[in-house]
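Numbering (the UniProt record's numbering), first residue to last: 1 to 396. Positions of the beta carbon are idealized from the N, C-alpha and C atoms, including for glycine. Since the structure comes first, as structure tokens, the remarks are kept for the end.
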Amino acid sequence: MSNRTFVVGVGMTKFEKPGSRDWDYPDMAREAGTRALADAGVAYDAIQQAYVGYVYGESTSGQRAVYELGITGIPVVNVNNNCSTGSTALFLARQAVKAGVVDCALALGFEKMQKGSLGTTYEDREQPMLNHIKETFELFDWGGEPIAPYMFGAAGREHMARYGTTAEQFARIGLKNHKHSVNNPYAQFQDEYTLEEIRAARTIYEPLTKLQCSPTSDGSGAAVIASERFVDEHGLWDRAVEIAGQSMVTDTRDTFTDKSAITLVGAKMSALAARRAYEEAQMGADEVQVVELHDCFSTNELITYEALGLAAEGEGGALVDSGDNTYGGRWVVNPSGGLISKGHPLGATGLAQCAELTWQLRGQADARQVDGATGAVQHNIGLGGAAVVTVYKPAR
Numbered sequence: 001m002s003n004r005t006f007v008v009g010v011g012m013t014k015f016e017k018p019g020s021r022d023w024d025y026p027d028m029a030r031e032a033g034t035r036a037l038a039d040a041g042v043a044y045d046a047i048q049q050a051y052v053g054y055v056y057g058e059s060t061s062g063q064r065a066v067y068e069l070g071i072t073g074i075p076v077v078n079v080n081n082n083c084s085t086g087s088t089a090l091f092l093a094r095q096a097v098k099a100g101v102v103d104c105a106l107a108l109g110f111e112k113m114q115k116g117s118l119g120t121t122y123e124d125r126e127q128p129m130l131n132h133i134k135e136t137f138e139l140f141d142w143g144g145e146p147i148a149p150y151m152f153g154a155a156g157r158e159h160m161a162r163y164g165t166t167a168e169q170f171a172r173i174g175l176k177n178h179k180h181s182v183n184n185p186y187a188q189f190q191d192e193y194t195l196e197e198i199r200a201a202r203t204i205y206e207p208l209t210k211l212q213c214s215p216t217s218d219g220s221g222a223a224v225i226a227s228e229r230f231v232d233e234h235g236l237w238d239r240a241v242e243i244a245g246q247s248m249v250t251d252t253r254d255t256f257t258d259k260s261a262i263t264l265v266g267a268k269m270s271a272l273a274a275r276r277a278y279e280e281a282q283m284g285a286d287e288v289q290v291v292e293l294h295d296c297f298s299t300n301e302l303i304t305y306e307a308l309g310l311a312a313e314g315e316g317g318a319l320v321d322s323g324d325n326t327y328g329g330r331w332v333v334n335p336s337g338g339l340i341s342k343g344h345p346l347g348a349t350g351l352a353q354c355a356e357l358t359w360q361l362r363g364q365a366d367a368r369q370v371d372g373a374t375g376a377v378q379h380n381i382g383l384g385g386a387a388v389v390t391v392y393k394p395a396r
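This is the structure in structure tokens:
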């Protein structure tokens, strides 16, 4: 029996500023899930397991969310893996199909977020990222800034000190992603900025300005994952995109022994996951044309170029200068606008990335379409920590 796995349907909501739309997470899930099922051309009763991701919510919010699509008694698994939650749900759905446990599974993610920077929910227990934060405090001064931009900004400062990377190179990533989002109707922001505006925006933590940071967002994404037998029986080859390789990696000892802000924000996790995903896919970075990666901050996008093999160690800045990260270059990175401009509802981000790459490989990305796309790679990371890298190619 073949263990090939395919994305046969994707759907998402428009990502919105928290509180700007009168909806709740069941509404988000219904909208994204209904679109994914319609895209696959199957009804909810074809789904044999569902993996539902969210970071902020009550214990069985996953069940409540998918009950908007149908109540059929199937296993529904709630997933929380920080900012990599959506891709973790995708990983689990694909794993169930690949193992032959089911022929069709749903991965769905959503988030209803509070306005402002991310904070803690519980004050009566240790924070899961406490060790990562303490290690970063030993390396870079902290002036009370929000923790996420502080940590990723520190990684950017380390890259600048080691390799001569400049603040302008980071700013150009923000420039690119805002420009890409102009053509994405699902993006939270669709405004284009000049480089001067990106650099002159309010500083959050050097070298990061506000326009180089992802916002908090509300929204949902979904994907239907199927076996080769299911695709064949339902005649879905015209819409199927193969998950050719996939890997999830959590922190290794290097995270805490390297004494590196770059390692603390997951660069080595990402590199290991990428190596394993490429190996399974029997593809390399030179065989993909389009990339959706976790640009929670512009500094992380540049660092991730190196982790994914788009640039050699220390050469991420040179990739920016070459223009090989956008249309007309070697790769198009974050054609959706990325987290910086499309938005970042934590549980939905990984599935929105999956949706964008599925559309790209089908040739359905409209004004965002990357010409001749025959390979794609997705990178989604959550501190504390987990990195998921997925490689896609056309089914035939």
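Buried versus exposed call for residue i [16 or more other C-beta atoms within 10 Å across all chains shown]
{"i": "residue 326", "result": "buried"}
{"i": "residue 128", "result": "exposed"}
{"i": "residue 75", "result": "exposed"}
{"i": "residue 35", "result": "buried"}
{"i": "residue 253", "result": "exposed"}
{"i": "residue 185", "result": "exposed"}
{"i": "residue 281", "result": "buried"}
{"i": "residue 368", "result": "buried"}
{"i": "residue 169", "result": "buried"}
{"i": "residue 148", "result": "buried"}
{"i": "residue 125", "result": "exposed"}
{"i": "residue 84", "result": "buried"}
{"i": "residue 245", "result": "buried"}
{"i": "residue 393", "result": "buried"}
{"i": "residue 322", "result": "exposed"}
{"i": "residue 71", "result": "exposed"}
{"i": "residue 121", "result": "exposed"}
Per-residue DSSP class, three states only, for residue i
{"i": "residue 36", "result": "helix"}
{"i": "residue 292", "result": "strand"}
{"i": "residue 148", "result": "helix"}
{"i": "residue 311", "result": "coil"}
{"i": "residue 12", "result": "strand"}
{"i": "residue 218", "result": "strand"}
{"i": "residue 269", "result": "helix"}
{"i": "residue 395", "result": "coil"}
{"i": "residue 322", "result": "helix"}
{"i": "residue 243", "result": "strand"}
{"i": "residue 28", "result": "helix"}
{"i": "residue 398", "result": "The requested residue 398 is not part of the displayed model; the chain covers only 1 to 396."}
{"i": "residue 236", "result": "coil"}
{"i": "residue 133", "result": "helix"}
{"i": "residue 111", "result": "strand"}
{"i": "residue 6", "result": "strand"}
{"i": "residue 344", "result": "coil"}
{"i": "residue 74", "result": "coil"}
{"i": "residue 187", "result": "coil"}
{"i": "residue 91", "result": "helix"}
{"i": "residue 381", "result": "strand"}
{"i": "residue 160", "result": "helix"}
{"i": "residue 205", "result": "strand"}
{"i": "residue 106", "result": "strand"}
{"i": "residue 61", "result": "helix"}
Cut-off 6 Å between Cβ atoms - residues of its own chain near residue i, not counting five sequence neighbours on either side
{"i": "residue 247", "result": "273, 276, 277 and 389"}
{"i": "residue 98", "result": "3 and 5"}
{"i": "residue 30", "result": "68"}
{"i": "residue 348", "result": "86, 109, 110, 111, 219, 220 and 221"}
Proximity to residue i [Cα-Cα], best of the options
{"i": "residue 316", "options": "155, 165 and 210", "result": "165"}
{"i": "residue 255", "options": "305, 384, 19 and 68", "result": "384"}
{"i": "residue 178", "options": "193, 167 and 186", "result": "193"}
{"i": "residue 171", "options": "182, 203, 357 and 190", "result": "203"}
{"i": "residue 198", "options": "188, 187, 213 and 369", "result": "213"}
{"i": "residue 100", "options": "330, 79 and 49", "result": "49"}
{"i": "residue 130", "options": "71, 330, 289 and 264", "result": "264"}
{"i": "residue 336", "options": "364, 318, 323 and 205", "result": "364"}
{"i": "residue 301", "options": "249, 175, 328 and 243", "result": "175"}
{"i": "residue 41", "options": "329, 10 and 18", "result": "10"}
{"i": "residue 163", "options": "53, 366 and 262", "result": "262"}
{"i": "residue 95", "options": "323, 224, 293 and 321", "result": "224"}
{"i": "residue 268", "options": "387, 331 and 15", "result": "387"}
{"i": "residue 333", "options": "298, 17, 313 and 351", "result": "298"}
{"i": "residue 257", "options": "28, 37, 113 and 135", "result": "135"}
{"i": "residue 17", "options": "242, 160, 187 and 150", "result": "187"}
{"i": "residue 307", "options": "354, 381 and 346", "result": "381"}
Residues of its chain near residue i, where Cβ-Cβ distance is below 8 Å and the 5 sequence neighbours each way are ignored
{"i": "residue 231", "result": "6, 8, 237, 240 and 395"}
{"i": "residue 284", "result": "278 and 309"}
{"i": "residue 103", "result": "48, 97, 226, 227, 229 and 230"}
Cβ-heavy atom distance, residue i to the ligand FAD, below 7 Å
{"i": "residue 290", "result": "The ligand content of the structure shown is nil, which means the ligand FAD is not present either."}
Test: residue i CB closer than 8 Å to a CB of chain C
{"i": "residue 52", "result": "Included in the structure is just one protein chain, with no chain C present."}
Specify whether the segment 9–23 and the segment 55–69 touch according to this definition: at least 3 beta carbon pairs, one from each stretch, less than 8 Å apart. By the criterion of at least three beta-carbon pairs nearer than 8 Å, the segment 9–23 is not in contact with the segment 55–69.
I'd like to know if the segment 75–94 and the segment 103–110 are in contact, where contact means that at least 3 CB-CB pairs between them fall below 8 Å. yes
Tell me whether the segment 330–346 and the segment 181–201 touch, counting them as touching only if at least three CB pairs, one residue from each stretch, are closer than 8 Å. yes
Taking 8 Å as the threshold, find out whether the segment 370–378 comes into contact with the segment 218–225 through three or more Cβ pairs. no
The segment 132–140 / the segment 154–161 touching (three or more Cβ pairs under 8 Å): Taking 8 Å as the limit for Cβ pairs, the verdict is that the segment 154–161 does touch the segment 132–140.
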